[in-house]
Amino acid sequence: MAKASTRKADDSLALYRAKRDFTRTKEPSGASAPIAGNGFVVQKHAASRLHYDFRLELDGVLLSWAVTRGPSANPDDKRLAVRTEDHPLDYARFEGTIPKGEYGGGTVMLWDNGTWEPIAGKDARKTLPEGHLHFILHGRRMQGEWILFRLKHRGREKGENWILRKVNDAHAGGSDDLVGTHLTSVDTGRTMEEIAAGKPVPKRKTARGSSARLSAAPVATAASKARRRGKSALPPFRPVQLATLVDHVPAGDQWLHELKYDGYRTLLAIGGGEGRAYTRSGLDWSDRFASLIADAVTLDARSALIDGEAVVILPDGRTSFQALQAALKSDPGKIDYMAFDLLALDGEDLTGRPLLERKEKLAALIGEGRDHIRYSDHIGGRGEQLFDSFCGAGLEGVISKRNDARYTGSRSGSWVKTKCIRRQEFVIVGWTPSDKQRGFRALLLGVHEKGKLRYAGKVGTGFSGGEVERLMALMASLEQKRPTVDAPRAAVRGATWIKPRLVAEIAYIEFTEEGVLRHSSYLGLREDKKPEAVVLEVESPVTTAARSAIASGVRISNRDRVIFPEGKLTKGELADYYEAVADIMLPWAGSRPVSLVRCPQGRAKKCFFQKHDAGSFGDSVKQVAILEKDGHEEPYLFVDSAQGLLTCVQMGTVEFHGWGARIEDVEKADRLVFDLDPDEGLEFKDVASAALHLQDVLGQMGLVTFPMVTGGKGVHVIAPLTPTAEWPQVKDFAHRFALALAQADPDRFTAALAKARRTGKIFIDYLRNQRGATAVMPYSAVDFH
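Residues 4 to 788 in this note's numbering are what the sequence shown lists, from first letter to last.
What follows is the structure, encoded as structure tokens:
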């Protein structure tokens with residue numbers, strides 16, 4: 004029987020072998036060993052056209068279909084699947100390149116694999132000749148119930164055309180949830196570009212028990228490798244939820260309360276047996292927090308994105324920022340992680356779920372904890388008593404959160420903080436010399452107010468001898484002749500001024516009437532925060548913050564004024580729209596420099612751009628000081644709350660256009676934008692097709708993208724980035740990518756700026772990827788007329 008089955012498999016592989024020259028290609032010639040007895044594999048294949056080869060193990064071979072646009076998790080999508088020749092079982096392990104000129108020449112990636120089973124009563128051996136297969140997949144990416152059915156043969160068609168479709172079940176999702184999100188090999192973690200370039204398969208060492216500094220690459224452990232069968236993609240960084248400083252702890256059972264930790268806000272991402280650690284601004288600190296990642300990848304999850312705080316816990320139970328600073332320098336094994344929120348789990352986005360539900364899932368995930376990872380518990384209600392007990396124990400304060408709130412990734416008012424001790428970040432602008440020893444007597448401090456850096460006083464205590472030497476070395480290269488702040492001469496006599504590049508955490512008692520610190524103490528440098536983002540935190544009344552968690556509280560005047568004449572949409576309706584989308588818009592538009600399109604009398608009358616402001620919008624619309632080309636600073640607008648958005652609308656704003664960087668570091672891009680601008684003779688379907696093509700090409704480079712309509716027939720293709728590259732690099736890449744795309748398909752695309760050269764083509768506008776350039780923000784209203 005086994006011999007007969009082998010002969011049958013060999014016969015079905017005759018066409019496969021006839022099409023290939025195995026002296027030239029590294030593809031396997033054929034093996035009879037089963038891959039799982041009932042395995043399946045999907046291989047992303049960049050041949051003459053990009054497609055996905057879907058293969059099911061049956062009777063000693065891999066039944067194969069070429070799915071032109073890849074599998075879709077959306078049950079409404081019917082993806083064309085062209086039946087191809089059967090492949091040998093060992094093809095399920097093939098990843099690499101097929102030489103140009105050979106059959107199927109191009110790059111092959113192992114995109115998914117796992118096992119499959121037929122639906123009860125649907126024997127594949129019987130239904131396959133009838134033209135349909137109904138089965139369940141247990142893959143790393145494709146899961147749940149699927150159907151393959153054959154289309155009726157037409158005319159001169161040589162092959163068999165089938166349709167692959169997802170059945171509506173718990174694993175159903177969006178059209179791009181699979182191919183648009185998962186861009187790397189399930190086996191080696193490489194992108195299509197890296198496979199094509201022959202990049203070696205990465206070999207990683209476990210980080211457990213090691214205090215050595217690791218590279219910024221994802222870290223894997225032996226325990227995680229043992230669970231490879233269940234791994235899935237590493238979740239990307241996303242903006243963190245921020246808390247508003249309030250005057251006292253909110254009351255009521257709808258609030259839960261947590262300890263405010265004294266450490267570094269950190270996102271831990273795990274997936275595919277690997278992990279990354281991100282600061283609140285998106286900096287990759289995986290090398291600094293290697294021990295945390297080593298613990299995180301042992302959690303019982305295929306993937307997860309966890310929000311929490313990296314801390315050092317003292318023997319008395321307190322957390323200490325200064326101890327954390329010391330551990331980062333010499334003993335990272337002392338660093339622990341207090342996990343307090345769960346943003347994603349096993350590929351599912353949890354940010355829309357209530358906080359209590361997210362915390363229940365987090366508690367189950369963390370369990371009893373690991374060596375360095377612990378669950379941060381909470382107390383419902385009784386916030387004032389908790390605050391008093393925390394302050395009495397010398398702790399920093401309380402974070403209060405609405406238990407029914409979604410995670411917004413912005414400062415929405417559903418999280419508030421109450422501090423026992425006043426402390427915040429300040430920019431170091433200079434130092435005064437010591438008359439007793441080498442080094443400085445005090446550091447001179449500044450803080451941004453209304454978009455400009457102002458003098459905030461000095462700090463002369465809290466330094467160890469080693470820290471003084473370290474700071475002197477850092478400041479030496481930043482010295483400049485002129486001060487960047489106006490300060491009283493008597494207070495800064497003999498000062499050495501430096502460029503405002505260093506940020507320090509300072510504890511203090513209060514501010515004087517002149518806005519200068521009293522009884523200040525140095526706690527350490529804040530390497531996770533950029534000087535531009537340092538603004539003075541002012542306590543808000545807790546009633547105002549609590550109200551903003553539900554509604555903006557901004558009064559809109561002239562609600563009946565028509566803003567969009569064509570649709571007869573009013574200012575009141577526009578304000579209602581922005582209030583409704585604030586939570587989902589702010590993670591994209593919040594905390595980044597914006598230019599406002601203001602039309603105080605409506606679109607039919609005069610409109611203008613505004614990007615600078617010195618406080619005329621009020622406190623809810625903020626400013627960040629940005630250095631201009633001529634060396635002076637200008638106050639750029641930004642918002643970080645629903646009140647800020649609605650205040651702009653009250654002032655006549657219709658559209659929000661933003662930089663490609665956040666205020667935490669305006670010199671590093673956190674997104675790429677390609678604006679597809681069609682010639683007048685082209686239709687929207689041509690632009691949509693071009694956007695899908697860009698998605699495929701950028702996906703091969705490991706970039707997840709999404710399209711966004713911008714009015715008229717144009718489309719933006721946007722790729723979120725981890726902010727590591729500076730603007731010259733980003734602009735250079737965008738320019739070279741646009742040129743390469745135009746050269747590869749000159750009848751369709753052009754990168755030429757001259758309009759005379761755009762006839763019948765789509766212009767790939769890459770110029771939005773440079774310092775100071777803006778693009779319309781997701782969820783912003785736009786005029787389509």
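Every residue, glycine too, gets a C-beta built ideally from N, C-alpha and C.
Can the beta-carbon of residue i be found closer than 8 Å to that of residue j?
i, j, result
"D538", "H451", "According to the sequence shown, residue 538 is Val rather than Asp. Taking 8 Å as the Cβ cut-off, V538 and H451 qualify as a contacting pair."
"S524", "L248", "no"
"A199", "T110", "yes"
"D287", "T573", "no"
"L649", "E582", "yes"
"R86", "E133", "no"
"E196", "I101", "no"
"V401", "H260", "yes"
"E399", "D310", "no"
"A50", "G99", "no"
"I765", "R774", "no"
"L181", "W165", "no"
"K47", "M112", "yes"
"A689", "L724", "Per the sequence shown, residue 689 should be read as Asp rather than Ala. No, these two residues do not count as a Cβ contact at 8 Å."
"T118", "G33", "no"
"D56", "V45", "yes"
"L520", "A459", "yes"
"A342", "Y378", "yes"
Can you tell me whether residue i is helix, strand or coil according to DSSP?
i, result
"M341", "strand"
"A17", "helix"
"A219", "Here A219 scores only 27 on pLDDT, less than 50, and its place in the model is too uncertain to base an answer on."
"A2", "Given a span of 4 to 788 for the chain in the structure shown, any question on residue 2 remains unanswerable."
"D24", "coil"
"T650", "helix"
"Q626", "strand"
"G40", "coil"
"T71", "coil"
"S598", "strand"
"A280", "strand"
"L327", "helix"
"F677", "strand"
"T209", "Residue placement at T209 cannot be trusted, given a pLDDT of 36 that sits under 50; the coordinates are not used to answer."
"I101", "strand"
"V545", "helix"
"Y94", "helix"
In chain order, what residues of the same chain lie with their CB nearer than 7 Å to the CB of residue i, ignoring the 5 residues before and after it?
i, result
"A326", "V315, L317"
"I629", "E535, P596, E636, E637, Y639, V669"
"V720", "F677, L679, A694, L697, Q698, T708, P710"
"M654", "R601, F620"
"T777", "S598, H660, G661, W662"
Leaving aside the five residues before and after residue i along the sequence, list all residues of the same chain whose C-beta is less than 6 Å from its C-beta, in chain order.
i, result
"K6", "At K6, the pLDDT of 46 sits below 50, so the modelled position is not reliable; the number obtained from the coordinates is stated separately. Excluding residues within five positions, none has a Cβ falling inside 6 Å."
"A743", "none"
"R761", "D682, T753"
"A607", "P568"
Between which two residues does the beta strand (DSSP E) carrying residue i extend?
i, result
"F152", "146-153"
"K125", "That residue, K125, is in no beta strand (DSSP E); it is neither H nor E in DSSP."
"R58", "53-61"
"A536", "It is not in any beta strand (DSSP E) - A536 carries neither H nor E in the DSSP assignment."
"I309", "306-314"
Determine, for residue i, whether the minimum Cβ-Cβ distance to residues of chain C falls below 8 Å.
i, result
"G556", "You won't find chain C in this structure, because it holds only one protein chain."
Name the two residues that bound the continuous alpha helix (DSSP H) containing residue i.
i, result
"P393", "Note on residue identity: the sequence assigns Phe, not Pro, to residue 393. First-last of the alpha helix (DSSP H) with F393: 386-395."
"E636", "Taken as a continuous stretch (DSSP letters only), E636 belongs to no alpha helix (DSSP H), being part of the beta strand (DSSP E) at 636-641."
"F567", "F567 -> not in any alpha helix (DSSP H); beta strand (DSSP E) instead, spanning 565-567."
"D586", "574-592"
"V170", "No alpha helix (DSSP H) contains V170, which DSSP labels as neither H nor E."
"R86", "Per DSSP, R86 belongs to no alpha helix (DSSP H); it is in the beta strand (DSSP E), 82-90."
"S294", "293-299"
"V198", "Looking at the sequence provided, one finds Ile at residue 198 rather than Val. That run of the alpha helix (DSSP H) goes 195-199."
When every heavy atom of the ligand GTP is checked, does at least one fall within less than 7 Å of the C-beta of residue i?
i, result
"I512", "As for the ligand GTP, it is missing from this structure, which has no ligand bound."
Quick one: what's got a C-beta closer than 8 Å to residue i's C-beta in the same chain, skipping five residues either side?
i, result
"A175", "A76, N77, P78, G147, K169"
"V64", "A12, S15, L16, D89, H90, P91, L92"
Let me know the alpha helix (DSSP H) ranges lying completely inside the stretch 463-499, each 4 residues or longer, listed in chain order. Counting whole runs of 4 or more residues, the stretch 463-499 contains the alpha helix (DSSP H) stretches 468-479.
Which residue spans inside the stretch 682-736 form an unbroken alpha helix (DSSP H) run of at least 4? You should have 687-703.
What are the complete beta strand (DSSP E) segments, minimum 3 residues, inside the stretch 402-459? With a minimum length of 3 residues, the continuous beta strand (DSSP E) runs that stay inside the stretch 402-459 are 418-422, 425-436, 443-452.
Ordered list of beta strand (DSSP E) runs contained in the stretch 746-785, each at least 3 residues: 765-768, all fully within the stretch 746-785.
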